[in-house]
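Here the structure comes first, spelled out in structure tokens, and everything after it is commentary.
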């Protein structure tokens, strides 16, 4: 049958062949997009999933076969495998729809990761060690180092969040059918934000990911805090989006250009009053500052992180930050380098405030999710050091930092999930007492993640901080790095407090054991392994990060 | 992989094995002991291979690690590293033996923490790559934090956090200096940084960055305040490791990094450091006199004794600086032995109040004899090891700065006072309370742990020459580097001349 199908389809596909270069630039995203759509249809076809999955698989096989026939072997194979995964999951888990959904989404994300690697090897870095940036769709998308790292981080985080959150969603009875499609949609928005090379694409991508996140944050419909988080995120996020859009509009007015490279070329020689461009830049900074929660635009973060279902919080912390900073890097390093005298001091100041504020306020918190939320704010400040370094080294450092931060924070939030589910609510420091005795492995993984966030050697976080600080010093921002160091010590105190509560105190009363599902232990084990691997032997990924500074300008 | 790397790897492999294999307590202890003895054998191998007349770093090994940022696993030793490696691998099995029965709670973790700590410290002593050095230097915090925090006394949480944060802050400031140096050279290699010529201002700032990290570790007055808490709350093994080995990372770092990297700053700051050392010596001694807790007393005596080491280092004469390295070993042996004795006494009595004891010499003659010997070594009685370190330090200091020499000598006098007074109060006088009358003497295992230490204490005291022979060429190398660097015209002058022209 497939041979006949191939006969029909391949001539049509051949017509599309001239644009195949363009499509390869978004190849990894097509998989989650198709999977999101299929999963929504699966949800509609409740009980008769094979009506949807079998045709979807047939289409996937056809596309895959065509790709293979045109000698694009890896993507072809991946498409077929992912297409077959869904009906296989339906067959393997009859009547367990959320398992099917999670399995399908995971398959798509694995496929996307493989395609990201394939894209890197064949298109981005055909000769090892150099990176050839390219643009697609008339310059509205860029495929370069930033795109690669955004893909890597976002797909990885999303892939790990699925097993970690699976049991949690089940137990809180919020495992609704829209979770995985929304997650995939969000992932696509994030990657699009990381690849967007003009203001419109960037804004649309930001809205796609934000709207999906607003819904995901409010997933627990009966939990007031979740509703509060969702509404707060929505209202403040919308305001931020409006400010950002206004800033983008002013930038367009000042430069007459929407694509970042064009803005970069003309912003230095604007003929309209320079102040318009400056105000545009300022509003963009405020808007994007909201999204990456730089102090003083951070105040939604603790409430949203605390109220959202914890797996969504983990996803937000790891992936949203990576995507947001991808946009920040592009905006400032591609579009506004000419105004560097303006934004470097402002952003550096914001970074300093962010690092200190996050670290000090976290000291007085007792809710673990809230502590981690403030820690997320602080880490945004460290990542900004790489941006304001305004150099190739700074760019590489920020990308690398976001990856190391993502694995650390994912491990931390993931471990919190195991504790939270039995109590159906908050996890305070009290709840952690003596966990090192009752479940040493979980406590060990949580501590390892916290040590990584604190930047202790032999963990990923150390290498992250090392590179960011190095970039800062190389660009003469020693004062900012000193502030970073001081806030790191303050932050180490509260990370240590969590670790100390688990290992240095005795369990009190009957608190019951944390519930560790197979998925969760699998997920956090992978993050723990990554934390150590990236901390002890970072060379392979660091090598890629070093070449990532080649951008579409 | 060469012998240094193998020596480093053995303890960490032991720790891994302990983590993976859930054996009974006895098996775990044997695994840990075998791993630590393996490291000892390795370090003896290093001693055999070591060329005594070669002053340079030798037995160099290099594995690529992170070429993307120019960091390698580069290892090498000189005389100073060698004696400290030997001290570490010698003390670690004794520490494990000493707490053979003392710890039963989460035993595998306890043993693994010590093995990880051993590797970290050995890494510090052998790394010739700044990133690798920093990696080990900071990593040593984690196991020590756990040892104090989990297996320590009543105030262990406070002490552990204080220890961690103090040293972390110092370490981060050193990291800034390292990163600046890296910015200048583009590599973390020790030899590359040595060849840099830095302006006087740069040297000052970078020196301070390194100095703070090492001063906290040593610990120098006034950043010593974590030490009494950490020592007092740590379990016996932790105290011995801390006093015997960990503090030496600071003085070693000064000699290996701060001095040769920043010769101008070293010469400029040397008088200040002599002053700080003297203050530390006297302050530590006076505060030690007033302690009611014997473990706290010895902790403050460490502040005083490590002050002598820094004093000798910054006297910058061959005699004094070599003696300060020898004194590092001496302090490790005698203070280590004192902490072991305190630990054994604590296991019997569960108190460390000096006032609770009295007349014990009649009841526990072996312990009293060993205690007196070790105390005498610590207060630098001629014929024991303390003397052959402390006396040349004072001699060298007199040549450079007479005031510092005179004041430091008072510290040595005070040491006799507080150590002998404590001994007198605890072991002499009437044997009155029932507790004291029922205290049992040392067991064969405990004597077995202490005898090697006492043998070395006496041996070094009588014939220190082999130790000096190993140490002196390397120390002279460093001092030559300082002298040559300080004599050379600095960049400041060069640039100002350029500006003028």
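Protein chains in written order, with this note's numbering: chain A, 554 to 1106; chain B, 37 to 537.
No residue lacks a Cβ here, since even glycine has one placed at the ideal position from N, Cα and C.
These figures come from a predicted structure and were not determined experimentally.
Return the bridge partner residues of residue 602 of chain A from the DSSP annotation. Beta-bridge pairing links residue 602 of chain A to no other residue.
Proximity test, Cβ basis, 9 Å: residue 170 of chain B and chain A: Taking CB atoms only, residue 170 of chain B has a neighbour in chain A less than 9 Å away.
Would you verify that the beta carbon of residue 104 of chain B is, or is not, closer than 9 Å to some beta carbon of chain A? Closer than 9 Å: yes.
Where residue 1051 of chain A sits in the DSSP three-state scheme: Three-state result, residue 1051 of chain A: helix.
Separation of residue 892 of chain A from residue 822 of chain A, as counted between CA atoms: Each residue's CA atom was taken as its position, placing residue 822 of chain A and residue 892 of chain A some 10 Å apart.
Distance, residue 606 of chain A Cα to residue 990 of chain A Cα: In this model, residue 990 of chain A and residue 606 of chain A are separated by some 46 Å (Cα to Cα).
Please classify residue 1090 of chain A as buried or exposed, where buried requires at least 16 neighbouring CB atoms within 10 angstroms. With fewer than 16 Cβ atoms within 10 Å of its Cβ, residue 1090 of chain A is classed as exposed.
Which runs of the alpha helix (DSSP H) spanning at least 4 residues fall entirely within the region 743–825 of chain A, listed in chain order? Within the region 743–825 of chain A, the complete alpha helix (DSSP H) segments of 4 residues or longer fall at 752–770, 777–808, 813–819, listed in chain order.
Measure the C-alpha to C-alpha separation of residue 85 of chain B and residue 297 of chain B and round it to an integer number of angstroms. Residue 85 of chain B and residue 297 of chain B have their C-alpha atoms roughly 28 Å apart.
In angstroms, rounded to a whole number, what distance separates the CA positions of residue 223 of chain B and residue 165 of chain B? Taking C-alpha positions only, residue 223 of chain B is separated from residue 165 of chain B by approximately 9 Å.
Please confirm if residue 163 of chain B has its CB atom under 9 Å from at least one CB of chain A. Taking Cβ atoms only, chain A never reaches closer than 9 Å to residue 163 of chain B, which makes this a no.
So, does the region 874–885 of chain A touch the region 783–792 of chain A, judging by three or more C-beta pairs under 8 Å? Taking 8 Å as the limit for Cβ pairs, the verdict is that the region 783–792 of chain A does not touch the region 874–885 of chain A.
Does residue 898 of chain A pass the burial test, meaning 16 or more other C-beta atoms within 10 Å, or should it be called exposed? Residue 898 of chain A counts as exposed, since fewer than 16 other beta carbons sit within 10 angstroms of its beta carbon.
With a threshold of 16 other CB atoms inside 10 Å of the CB of residue 910 of chain A, please say whether the residue is buried or exposed. Note on residue 910 of chain A: 16 or more other CB atoms within 10 angstroms of its CB, so buried under the neighbour-count rule.
Identity of the residue in A:1084, A:942, A:1058, A:968 nearest residue 1029 of chain A by Cα: For residue 1029 of chain A, the closest alpha carbon among the candidates A:1084, A:942, A:1058, A:968 is that of A:942.
Who are the Cβ neighbours of residue 537 of chain B in its own chain at under 7 Å, not counting the five residues just before and after it? Here residue 537 of chain B scores only 39 on pLDDT, less than 50, and its place in the model should not be relied on; the value that follows carries that caveat. Counting only Cβ-Cβ distances below 7 Å, and skipping sequence neighbours, we find nothing.
If we count the other Cβ atoms within 10 Å of its Cβ and call it buried at 16 or more, is residue 316 of chain B buried or exposed? Answer is buried; the Cβ neighbour count reaches 16.
In chain order, what residues of the region 200–217 of chain B put their CB closer than 8 Å to some CB of chain A? Residues passing the 8 Å Cβ filter: 200, 201, 204, 205, 208, 209, 211, 212, 215, 216.
What number of angstroms, rounded off, separates the C-alpha of residue 411 of chain B from the C-alpha of residue 450 of chain B? The alpha-carbon atoms of residue 411 of chain B and residue 450 of chain B are separated by roughly 13 Å.
Is residue 52 of chain B close to chain A? Criterion is C-beta to C-beta, closer than 9 Å. It does not: the Cβ of residue 52 of chain B has no partner Cβ on chain A nearer than 9 Å.
Hey, is residue 1091 of chain A's beta-carbon within less than 9 Å of any beta-carbon in chain B? Judged by the 9 Å Cβ criterion, residue 1091 of chain A is in contact with chain B.
Using a Cβ-Cβ cutoff of less than 7 Å, which residues in the same chain neighbour residue 426 of chain B once the five nearest sequence positions on both sides are dropped? Excluding residues within five positions, the ones whose Cβ falls inside 7 Å are 344, 363, 416, 448.
Cutoff 9 Å: residue 1060 of chain A Cβ touching any chain B Cβ: Chain B, which has no Cβ nearer than 9 Å to the Cβ of residue 1060 of chain A, makes this no.
Spatial distance of residue 332 of chain B from residue 420 of chain B (CA atoms): Whole-angstrom Cα-Cα distance: 24 Å.
Please confirm whether residue 445 of chain B has its beta-carbon closer than 9 Å to some beta-carbon of chain A. Output row for residue 445 of chain B: interface = no.
Per DSSP, cross-strand counterpart(s) of residue 695 of chain A: A:688.
Distance, Cα to Cα, residue 198 of chain B vs residue 984 of chain A? Roughly 24 Å separates the two Cα atoms.
Quick check: the Cα distance between residue 124 of chain B and residue 944 of chain A, rounded to an integer number of angstroms? Straight-line Cα distance between these residues: approximately 44 Å.
Short check: CB of residue 585 of chain A to CB of residue 689 of chain A, under 9 Å? Going by beta carbons, residue 585 of chain A and residue 689 of chain A fall outside the 9 Å limit.
What is the residue span of the alpha helix (DSSP H) that residue 923 of chain A lies within? 921–941 is the span of the alpha helix (DSSP H), which, as asked, contains residue 923 of chain A.
Tell me which same chain residues have a C-beta within less than 6 Å of the C-beta of residue 130 of chain B, skipping the five on either side of it? Cβ neighbours of residue 130 of chain B within its own chain (closer than 6 Å, five residues either side excluded): 485.
Where residue 373 of chain B falls: helix, strand or coil (DSSP): Helix.
Contacts of residue 1056 of chain A in chain B (Cβ-Cβ under 8 Å): Residues of chain B passing the Cβ test: 182, 185, 186.
Report yes if the CB atom of residue 591 of chain A is closer than 9 Å to the CB atom of residue 639 of chain A, and no otherwise. In this structure, residue 591 of chain A places its C-beta atom within 9 Å of the C-beta atom of residue 639 of chain A.
Would the beta-carbon of residue 4 of chain B fall within 9 Å of that of residue 340 of chain B? Here chain B comprises residues numbered 37 to 537, so residue 4 of chain B is not present and cannot be evaluated.
Does the distance from the C-beta atom of residue 239 of chain B to that of residue 306 of chain B stay below 9 Å? Not a contact, by the Cβ cut-off of 9 Å.
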